[in-house]
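*Asks:* When we follow this note's numbering, the leftmost residue of the sequence shown carries the number 6, and every step to the right adds one. There's a structure below that I have some questions on.
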Amino acid sequence: MESESLTITVLGCGTMGVAILSGILSSLTSLRSASVSGTSTPNALLPTRFHGVDGTPPKLPSRFIACVKRPESAERVKKAFVEYVGVVRVLTKGNVEGATLGDVVILGCKPQMYTDILGEEGMAEALEGKLLVSILAGVKIVQLKSMVPESTRVVRAMPNTASKIRESMTVISTAEDLHPSEKALVSWIFSQIGKSLILGEQHMDACTALCGSGPAFFALIVEAMADGGVMMGLPRAEAQMMAAQTMQGTGRLVLSGQHPAIIREQVSTPAGCTIGGLLMLEDGKVRSTIARAIQEATNMAAGLGSTKK
Ligand SMILES: NC(=O)C1=CN([C@@H]2O[C@H](COP(=O)(O)OP(=O)(O)OC[C@H]3O[C@@H](n4cnc5c(N)ncnc54)[C@H](OP(=O)(O)O)[C@@H]3O)[C@@H](O)[C@H]2O)C=CC1
Ligand SMILES: O=C(O)[C@@H]1CCC=N1
6 MESESLTITV
16 LGCGTMGVAI
26 LSGILSSLTS
36 LRSASVSGTS
46 TPNALLPTRF
56 HGVDGTPPKL
66 PSRFIACVKR
76 PESAERVKKA
86 FVEYVGVVRV
96 LTKGNVEGAT
106 LGDVVILGCK
116 PQMYTDILGE
126 EGMAEALEGK
136 LLVSILAGVK
146 IVQLKSMVPE
156 STRVVRAMPN
166 TASKIRESMT
176 VISTAEDLHP
186 SEKALVSWIF
196 SQIGKSLILG
206 EQHMDACTAL
216 CGSGPAFFAL
226 IVEAMADGGV
236 MMGLPRAEAQ
246 MMAAQTMQGT
256 GRLVLSGQHP
266 AIIREQVSTP
276 AGCTIGGLLM
286 LEDGKVRSTI
296 ARAIQEATNM
306 AAGLGSTKK
């Protein structure tokens, strides 16, 4: 009998795999809480009534398999999902078993490892007819397709570490027409862990720099702003919170439709302090430095698909 729910397997469940699964599990827990009065039950994650309306896939995931290479990593992953015993299974050196049991397989290893994993004996059979979602930087759909059976549909996605708190920005790219239910499923997965949009694969390296690497760049800016506050006598923890919350607020203003240039002008009172700070940033070429960082990261992302280790 066909199963009522889906299994998601992550081949290479490290930082990103854990972040993505954590986000999905927390979303399912909220869905479940919303559909059942009373408290949520993590071991029975699916909402009690789920009809697959409004573009939502008819089947949701309720079982997860995390595959890693080393036993110490398996312990780390088990610890991360200690609340979800019976829902998340962790396999060490069990990629083929994981792929066999999964309906959707997320490839989450380092870009340099994908040929080893997809080339494992039995992997092609395990992936027959399945949906493979790669989050690998720089590895093109055509490279992945050359290693899997024709019946495997391949999608690329570029999320970021904020998946863990369901605040990722994910760009999805697919080279072929997926079945509408698979499209809905891929969109559902990434919209549970933040915002998502679909773009052509030619943009994926730039999206890797902006979305994938983005948290590292913004973290550096938060640190620098906090350092400035500390330099002027603020306590470190408070300075960091002020920088992070101000960054979040500004991001939300932009997402609500305000143009960044308008935000900048509204804050800059004539002869005030903001214009003084802005001119220092422009003198330091911060704008072009940041834009060039995206250019550099994009170019480096493009080279990550080479299988040289
Ligand atoms: N980090 C980020 O912010 C982002 C990363 N990405 C992409 O996501 C991918 C993963 O990155 P990240 O999570 O940081 O990397 P990690 O190194 O944290 O995770 C990689 C995982 O792959 C596992 N692995 C390695 N070899 C095998 C194998 N033969 N079989 C099964 N598992 C294996 C590792 O297990 P073990 O520890 O046991 O070796 C580890 O758990 C990369 O391709 C990267 O380009 C995309 C967006 C953002
Ligand atoms: O730095 C990297 O290569 C990966 C891809 C995007 C974020 N981290």
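Even for Gly, the Cβ is constructed at its ideal location relative to N, Cα and C.
#1: Does the beta-carbon of L149, which I'm using as the reference point, lie nearer than 7 Å to any heavy atom of ligand 1?
#2: Which whole-angstrom value is the C-beta distance of S139 and R161, which I expect to be below 8 Å?
#3: Closer than 7 Å to a non-hydrogen atom of ligand 2 - does that hold for the CB of L215?
#4: Roughly how many angstroms lie between the CA atoms of E155 and L137, to the nearest whole one?
#5: If I'm right that A242 touches V227 with Cβ under 8 Å, what's the distance once you round it to whole angstroms?
#6: Please tell me whether I25 and P164 are closer than 8 Å, where the distance is taken between their beta carbons.
#7: Does the separation of the CB atoms of G199 and M174 fall below 8 Å?
#8: Can you tell which of L283, G28, P76, C278 has its C-alpha closest to the C-alpha of R171?
#9: Can L190 and P62 be called in contact, C-beta distance under 8 Å?
#10: How long is the line joining the alpha carbons of R297 and V93, rounded to whole angstroms?
#11: Give me the Cα-Cα distance between K83 and S10, rounded to the nearest whole angstrom.
#12: Considering Cα atoms alone, identify which of I299, I111, K169 is closest to V73.
#13: Locate the alpha helix (DSSP H) running through L215, then write down its first and last residues.
#14: Rounded to the nearest angstrom, what separates G233 and V259 at their Cα positions?
#15: Please classify T120: does DSSP put it in a helix, a strand, or coil?
#16: Hey, which unbroken runs of the alpha helix (DSSP H) at 4 residues or more fall wholly within the segment 131-185?
#17: Is C72 close to ligand 1? I mean its beta-carbon at under 7 Å from any heavy atom of the ligand.
#18: What's the call for Y119, buried or exposed, on a 16-neighbour Cβ count within 10 Å?
*Replies:* So, from the data block:
#1: no
#2: 5 Å
#3: no
#4: 12 Å
#5: With 8 Å as the limit, A242 and V227 do not qualify as a contact, their Cβ atoms being about 13 Å apart.
#6: yes
#7: yes
#8: G28
#9: yes
#10: 41 Å
#11: 22 Å
#12: I111
#13: Careful: L215 lies outside any alpha helix (DSSP H) and carries neither H nor E.
#14: 24 Å
#15: helix
#16: 146-150
#17: yes
#18: buried
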